[in-house]
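Visitor: Residue numbers (our numbering): 26 to 455.
Beta carbons are placed, not taken as given, at the ideal position from N, Cα and C, and that holds for glycine.
Starting off with a structure, shown below.
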Amino acid sequence: MAADHDQSKPPDEHAELDALRARVAVLETRAPARHRPRARSFLAVLLIVVAAVLTPLSIVSAWAKNQIGDTDNYVAMMAPLASDPDVRSAVADRVTGAVMGHLDVKALLADVSPADRPVLDKALSKLSGPLTTGISNFVRGTTEKFVSSDAFATIWTDLNRSAQSATLKALSGSGGGAVKLTGDTVTIDLAPVIDRVKQRLVDRGLGVAAKIPEVHTDFTVLTSDSVGKAKKWFRALQVIGFWLPLVALALAAGGVLLAVRRRRALVTTALSVAAGAAVLGLAMWVGRAFYLDSLPSGVSQPAAGAVFDALAEPMRVLVRMVVTLGIVLALAAWLTGDGRAAGRVMAMWSGGIGAVRDAAGFTGGPVGRWVHRARRPLNWTVVVVAAAVLVAWDRPTGLVTVWIALCALVVLAVVEFLDDDSSPHLAVPG
């Protein structure tokens with residue numbers, strides 16, 4: 026009878042009964058399910074925070090592996106210093122001092138007859154100061170001409186290439202040749218430069234310069250109390266230089282995918298990563314001032330600053346790139362969201378371009394309808410291409426970044442202008 030009773034129920038009652046049963050099942054499982062979004066959100070936030078913290082270390086590790094650990098990249102990074110006025114002046118000072126320290130002034134007049142030697146010695150004792158100054162100016166002038174020549178640029182490049190890199194020698198203990206690590210100071214031996222200067226002095230009539238023995242003098246590339254400590258970490262940075270950025274990127278992506286509100290998580294992640302890179306840039310700016318203030322008195326601060334900037338410039342480029350990409354990605358994610366403020370901005374953007382399109386009487390036709398359907402992929406393609414150009418650009422400056430952003434905005438405006446679904450528009454009264 027029960028079966029007959031169930032069969033006699035109308036179909037609507039069966040559907041209502043199934044719906045009530047499903048509702049009860051949902052209510053029974055709701056209580057434990059409340060903890061799942063909280064756990065997901067906590068884990069997502071944790072991954073995003075770790076990715077932001079790893080961002081500065083990822084930039085440093087990539088710099089250590091690709092710029093300091095690679096000989097060709099290091100030579101290309103240090104080569105412009107050969108034409109830097111402060112470096113040239115510092116090298117000229119070191120070479121002039123080394124040559125004058127081994128130059129026998131009295132030997133210049135060795136061919137004077139013995140009868141005239143007492144008179145010469147007496148006169149030389151009175152005029153040795155001016156005479157030495159004149160010779161020093163002559164040596165200095167010859168040295169300055171040499172360090173301004175292409176020959177010096179070649180020697181400078183060869184010194185860095187043959188040594189594998191001064192900083193690599195300091196931080197990893199590898200390398201050799203003209204690079205020396207004494208305590209916490211990295212120096213380059215300028216003996217090849219002195220040899221060429223001696224030859225030029227001889228060619229200009231100062232024959233006694235040929236009697237100068239082989240002279241070794243050091244040009245300080247890097248000196249800091251932290252060099253010795255950094256040796257312990259540099260090798261590790263080289264090893265993880267390729268993997269750490271990938272790990273940070275994977276953690277950031279995992280945090281976004283795991284988040285309940287992914288668009289908001291994407292904005293937060295992009296800004297957090299940009300902030301991490303900006304912190305590194307600020308640390309480099311402050312560290313440069315502290316480094317120059319701590320230099321010994323015998324080290325040229327302008328030359329040391331030029332060397333510091335040459336070594337740090339690739340890292341600064343990475344910092345600017347990460348900050349720019351983070352801001353652009355966050356802005357793009359925010360503008361494509363459904364927030365009230367973002368909606369107003371997009372309405373102003375679309376309305377302004379739409380007004381221009383209507384005023385021009387432009388109708389997109391089939392192209393406009395296709396652009397309307399593919400507008401979102403097209404906009405993201407523009408953003409991705411602009412980011413790829415910025416990443417692929419060699420040492421992008423602030424001006425280059427601005428131009429890439431402006432070009433991307435122009436292309437986005439063109440896409441918006443072509444976006445016409447052929448819906449009827451109100452006629453503008455004429």
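Quick check on this structure: which residue in A47, A50, R48, A64 has the alpha carbon closest to the alpha carbon of A284?
Guide: Here the closest residue by C-alpha is A64.
Visitor: Taking only the alpha-carbon atoms, compute the straight-line gap between A277 and S86 and give it to the nearest angstrom.
Guide: Their Cα atoms are separated by approximately 18 Å.
Visitor: When the Cα atoms are used, what is the spatial distance from V218 to L71?
Guide: Distance between the alpha carbons of V218 and L71 is about 55 Å.
Visitor: Check whether the Cβ atoms of M346 and L415 lie closer than 8 Å to each other.
Guide: Yes. Within cutoff.
Visitor: Compute the Euclidean distance between the alpha carbons of A10 and V112, then round it to the nearest angstrom.
Guide: Outside the displayed range of the chain (26 to 455) lies residue 10, so it cannot be described from this structure.
Visitor: Can you give me the C-alpha to C-alpha distance between S83 and G306, rounded to a whole angstrom?
Guide: If you take the alpha carbons of S83 and G306, they lie about 13 Å apart.
Visitor: Using 8 Å as the threshold, is the segment 350-368 in touch with the segment 283-298, meaning 3 or more CB pairs across them?
Guide: Contact holds: three or more Cβ-Cβ distances are below 8 Å.
Visitor: By a C-beta neighbour count over all protein chains shown, 10 Å radius and 16 as the cutoff for buried, is N162 buried or exposed?
Guide: That one is exposed.
Visitor: Give a yes or no on whether the C-beta atoms belonging to E338 and I378 are separated by under 8 Å.
Guide: Not in contact: E338 and I378 (Cβ atoms no closer than 8 Å).
Visitor: Can you tell me which of the three DSSP states F244 falls into?
Guide: Here F244 sits in strand by DSSP.
Visitor: In this structure, how does DSSP classify I237 when only helix, strand and coil are distinguished?
Guide: I237 falls in the coil class under three-state DSSP.
Visitor: Does the segment 429-439 come within contact of the segment 406-415, defined as at least 3 CB pairs closer than 8 Å?
Guide: Enough Cβ pairs lie closer than 8 Å, so yes.
Visitor: Out of I265, S173, L226, state which residue places its alpha-carbon closest to the alpha-carbon of W88.
Guide: Cα-wise, what sits closest to W88 is I265.
Visitor: Kindly list the residues whose CB is nearer than 8 Å to the CB of D183, restricted to its own chain and excluding five residues on each side of it in sequence; keep chain order.
Guide: So the list reads P217, once near-sequence residues are dropped.
Visitor: Roughly how many angstroms lie between the CA atoms of L343 and A303, to the nearest whole one?
Guide: C-alpha separation (whole angstroms): 10 Å.
Visitor: Can you tell which of P110, A117, Y99, I73 has the C-alpha that lies nearest to the C-alpha of F244?
Guide: The option with the nearest alpha carbon to F244 is A117.
Visitor: In this structure, how does DSSP classify T388 when only helix, strand and coil are distinguished?
Guide: Reduced to three states, the DSSP call for T388 is coil.
Visitor: Whole-angstrom Cβ separation of A123 and V240, contact assumed at under 8 Å?
Guide: Rounded, the Cβ-Cβ distance is 5 Å, consistent with contact.
Visitor: Helix, strand or coil, according to DSSP, for D111 in the structure here?
Guide: Looking at D111 - three-state DSSP - the assignment turns out to be helix.
Visitor: Look up T422 in the DSSP assignment and say whether it is helix, strand or coil.
Guide: DSSP places T422 in coil when its eight states are reduced to three.
Visitor: Since L457 is in the alpha helix (DSSP H), which residue starts that stretch and which ends it?
Guide: Since the first residue shown for the chain is 26 and the last is 455, residue 457 is missing from the structure and cannot be characterised.
Visitor: Would you kindly work out how many angstroms separate the C-alpha atoms of L128 and I160, rounded to a whole number?
Guide: Rounded to whole angstroms, L128 to I160 spans 10 Å at the Cα level.
Visitor: Where V120 and T168 are concerned, what is the direct C-alpha to C-alpha distance, given to the nearest angstrom?
Guide: C-alpha separation (whole angstroms): 7 Å.
Visitor: Spatial neighbours of S375 within its chain, please: CB distance less than 7 Å, with the 5 preceding and 5 following residues excluded, ordered by chain position.
Guide: Excluding residues within five positions, the ones whose Cβ falls inside 7 Å are E441.
Visitor: Do V370 and L360 have their beta-carbon atoms positioned less than 8 Å apart in this structure?
Guide: Yes, Cβ-Cβ distance for L360 and V370 is below 8 Å.
Visitor: Is the distance from the Cβ of A329 to the Cβ of D109 below 8 Å?
Guide: No, the Cβ-Cβ distance between A329 and D109 is not below 8 Å.
Visitor: To the nearest angstrom, report how far apart V324 and L424 are at their CA atoms.
Guide: Their backbone Cα atoms lie some 34 Å apart in a straight line.
Visitor: Got a sec? Which residues, its chain only, sit under 8 Å from R165 by beta carbon, not counting five neighbours each side?
Guide: A117, T121.
Visitor: In this structure, does DSSP put T212 in helix, strand or coil?
Guide: In the structure shown, T212 sits in a strand (DSSP, three-state: E or B).
Visitor: Relative to the alpha-carbon of R286, which residue among T388, S66, R48, A40 has its alpha-carbon at the smallest distance?
Guide: Of the candidates T388, S66, R48, A40, the one whose C-alpha sits nearest the C-alpha of R286 is S66.
Visitor: Give me the Cα-Cα distance between R225 and Y99, rounded to the nearest whole angstrom.
Guide: About 30 Å.
Visitor: Just verifying my parser: in three-state terms, what is the DSSP assignment at P339?
Guide: Here P339 sits in helix by DSSP.
Visitor: Do you know how far the Cα of A417 is from the Cα of M125?
Guide: Cα-Cα distance, rounded: 49 Å.
Visitor: Using beta-carbon positions only, say whether A290 and A69 come within less than 8 Å of one another.
Guide: Yes, they are a contact pair.
Visitor: Residues in its own chain within less than 7 Å of R59 by CB, not counting five upstream and five downstream?
Guide: Residue confidence is low: R59 scores 48 on pLDDT, short of 50, so the model does not pin down where it sits. Its coordinate-derived value is still stated next. Excluding positions up to five away in sequence, the list is empty.
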